[in-house]
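Novice: For the sequence shown, the residue numbers in our numbering are 240 to 423.
Provided herewith is a single structure, encoded as structure tokens, for subsequent inquiry.
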Amino acid sequence: MINVAIIEDSKDTIELLSIIINMSANLKLVGTAGNGAEGIRMIDNTQPDVAIIDLGLPDMSGLECISALKKTCPETEFIVYTISTENEDVFEAFARGATSYILKHSQPKEIVDAIVEVHNGGSPITSSIARKICNKFMLDSQKPSIDDAKKKYHITGKEEELLRLLSNGLLYKEIAGKMNISVK
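Here is the structure:
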């Protein structure tokens, strides 16, 4: 059973995510919060396996919330669940400790799959977010070569291949087939 918590200011979104989580046999909702301060207290008390956090909270940003929680709950995995596709938000979320970045238009199955994948050690992202990450590596302000980017970000050949396939919009199953690896 994967214990999941939600920090989100929209009651409708909390309700939707709660239904999705409660309908999944291997997920258990352990708490919800409507703002960052309440969310920090709730997650400190429940210590969930996975926390889903919106970036646009009323009292603090989801990024600030993740930073605070990463210190007190290092075992909790954080999924950013947002409408924002801004480069700064994407990169800052990962820098602060998010493990996954999914968009609010994601289908219920994608949300459940993301929770399970994060819990199992993965970092699911949409292909549009993967494209942003690839572009960041390729289009730094100094226009580094791929070799410079690989050195700076410690990218292995396999990781580079994976990022390229993700940025081309391939599905996880297609990538696994092309790279001769398992989906997990």
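Glycine residues also receive a C-beta, built at the ideal position from the N, C-alpha and C atoms.
Quantities reported herein were computed from a predicted structural model and do not represent experimental measurements.
Considering T227, what are the terminal residues of the alpha helix (DSSP H) in which it resides?
Specialist: Here the chain covers residues 240 to 423 and nothing more, so residue 227 does not appear.
Novice: When you compare the CB positions of I305 and S339, do they come within less than 9 Å of one another, or not?
Specialist: no
Novice: Under 9 Å, do V289 and H358 count as touching if we go by C-beta distance?
Specialist: yes
Novice: What residue from I259, S263, T324 has the CA that sits closest to I341's CA?
Specialist: T324
Novice: Thinking just about the alpha-carbon of each residue, which of A337, I246, T395, M240 is nearest to the one in M299?
Specialist: I246
Novice: Please state if the CB of Q286 and the CB of N242 are separated by a distance shorter than 9 Å.
Specialist: Yes, the pair counts as a contact, with Cβ atoms nearer than the cut-off.
Novice: Drop a sphere of 10 angstroms on the beta-carbon of P363, count the other beta-carbons inside from all chains shown, and report buried for 16 or more, exposed for fewer.
Specialist: buried
Novice: Out of S257, D248, I260, which one is the CA nearest neighbour of G278?
Specialist: D248
Novice: Is DSSP giving E254 helix, strand or coil here?
Specialist: helix
Novice: For V422, is the classification buried or exposed, using 16 other Cβ atoms within 10 angstroms of its Cβ as the cut-off for buried?
Specialist: exposed
Novice: What residue range is occupied by the uninterrupted alpha helix (DSSP H) comprising I282?
Specialist: 275 to 285
Novice: How many angstroms separate the CA atom of K348 from the CA atom of I420?
Specialist: 22 Å
Novice: In the DSSP assignment, what residue or residues form a beta bridge with L342?
Specialist: T321.
Novice: Among T321, Y411, G396, I258, which residue has its Cα nearest to the Cα of L296?
Specialist: The option with the nearest alpha carbon to L296 is T321.
Novice: So, helix, strand or coil for N242, using DSSP?
Specialist: strand
Novice: Determine whether the beta carbon atoms of A332 and G301 lie at a separation below 9 Å.
Specialist: yes
Novice: Rounded to whole angstroms, what's the CA-CA distance from N265 to S366? Just pull it up for me.
Specialist: 26 Å
Novice: Leaving out five residues before and five after T311 in sequence, what residues of the same chain have Cβ atoms less than 7 Å from its Cβ?
Specialist: So the qualifying residues of the chain are D283.
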